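Numbering (our numbering), first residue to last: -8 to 317.
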């Protein structure tokens, strides 16, 4: 037999569970759905109060940037979808959730943003031990990005000399550092030609920039060895940068426009670093360490579009080799 345990919520502090058994997984799932349809969760909180309780419970655990994202979703739901927010948790069904998803999509939100909304609602329902029916989410879409090539990057390096952008661009394109990591750096983080990436500048729920004493992920805490010229430049200047991540983005956008360079994001310098190192056959394990990824799956999944052209080159190289033997 197969067995499934349903968490139905709490009543007077006591957790309510239901055990369902059957001869197959399909049989158990069908019985579970039937039971849940007939026995709604005893949780009577409205979605609006459940979201607030969930966010408050996570404020001391999650990063300020994550909490700010939750607050933005909460504010949008309260302002634009009050009817959904007033629904009791025990009255949530697939039709109500699917309508919200359709309304969010109709409002122009991207599929990724819609999935973020659903992710918060799902986390809130789980936190309250309430049942959330499965729904069909918008298909993931691939974001088209522009990765600068070596010629463009050389021209940019020449054009930014002596500007506030010089050091941040060098750290992003050569070291693979993120905006927040660059803005959080101080001279104390440098030891010889090695920089210890161990902090992140993020915007808190109050929309003020703060230094988070740990980077984006565990793997992001790393040591990156830089060319001597880059470290010498930083020590001569006496600082890394005095601007926030958003200001860095705005400065970079205006710089590209003023000099006639093709438009791309500041973050795309990380794509350039990955592409360049991959092209010169640097092992993936080193690229992972330099960029701060925990696994090559994450790196390749995020940068599969960046590495595609280099993979074509490797295929051609292999075929040329074996073609010569033939």
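Here a beta-carbon is modelled for each residue, glycine too, at the ideal position from N, C-alpha and C. As the structure is a computational prediction, the values presented were derived from the model and not from experiment.
Burial state of residue i, where buried means 16 or more other Cβ atoms lie within 10 Å
{"i": "residue 282", "result": "buried"}
{"i": "residue 45", "result": "buried"}
{"i": "residue 219", "result": "exposed"}
{"i": "residue 263", "result": "buried"}
{"i": "residue 205", "result": "exposed"}
{"i": "residue 273", "result": "exposed"}
{"i": "residue 144", "result": "buried"}
{"i": "residue 237", "result": "exposed"}
{"i": "residue 267", "result": "buried"}
{"i": "residue 12", "result": "exposed"}
{"i": "residue 271", "result": "exposed"}
{"i": "residue 153", "result": "exposed"}
{"i": "residue 309", "result": "exposed"}
Residue i versus residue j: straight-line alpha-carbon distance, rounded
{"i": "residue 8", "j": "residue -4", "result": "7 Å"}
{"i": "residue 183", "j": "residue 259", "result": "27 Å"}
{"i": "residue 156", "j": "residue 78", "result": "49 Å"}
{"i": "residue 230", "j": "residue 177", "result": "6 Å"}
{"i": "residue 314", "j": "residue 306", "result": "12 Å"}
{"i": "residue 170", "j": "residue 201", "result": "13 Å"}
{"i": "residue 164", "j": "residue 18", "result": "55 Å"}
{"i": "residue -6", "j": "residue 312", "result": "56 Å"}
{"i": "residue 148", "j": "residue 211", "result": "25 Å"}
{"i": "residue 109", "j": "residue 87", "result": "12 Å"}
Nearest residue (CA-CA) to residue i, options the options
{"i": "residue 140", "options": "132, 253, 316, 202", "result": "253"}
{"i": "residue 71", "options": "91, 130, 261, 221", "result": "91"}
{"i": "residue 68", "options": "56, 14, 37", "result": "37"}
{"i": "residue 131", "options": "107, 112, 137, 142", "result": "107"}
Short Cβ contact (7 Å threshold) for residue i with residue j
{"i": "residue 197", "j": "residue 172", "result": "no"}
{"i": "residue 159", "j": "residue 239", "result": "yes"}
{"i": "residue 62", "j": "residue 194", "result": "no"}
{"i": "residue 243", "j": "residue 150", "result": "no"}
{"i": "residue 52", "j": "residue 115", "result": "no"}
{"i": "residue 105", "j": "residue 73", "result": "no"}
{"i": "residue 255", "j": "residue 137", "result": "yes"}
{"i": "residue 221", "j": "residue 161", "result": "yes"}
{"i": "residue 39", "j": "residue 76", "result": "yes"}
Segment contact flag, the region 120 to 134 with the region 78 to 90, C-beta cutoff 8 Å, min 3 pairs: Yes, the region 120 to 134 is in contact with the region 78 to 90.
Inter-stretch contact (C-beta, 8 Å, three-pair minimum) for the region 98 to 118 and the region 211 to 224: Taking a cut-off of 8 Å on C-beta distances, the region 98 to 118 does not touch the region 211 to 224, as fewer than three cross pairs fall below it.
Sufficient close CB pairs (3 or more, under 8 Å) joining the region 181 to 192 to the region 267 to 277: Note that the region 181 to 192 does not touch the region 267 to 277; fewer than 3 beta-carbon pairs, one per stretch, sit closer than 8 Å.
Touching by the beta-carbon criterion (3+ pairs, under 8 Å), the region 45 to 57 and the region 15 to 22: Segments in contact, no.
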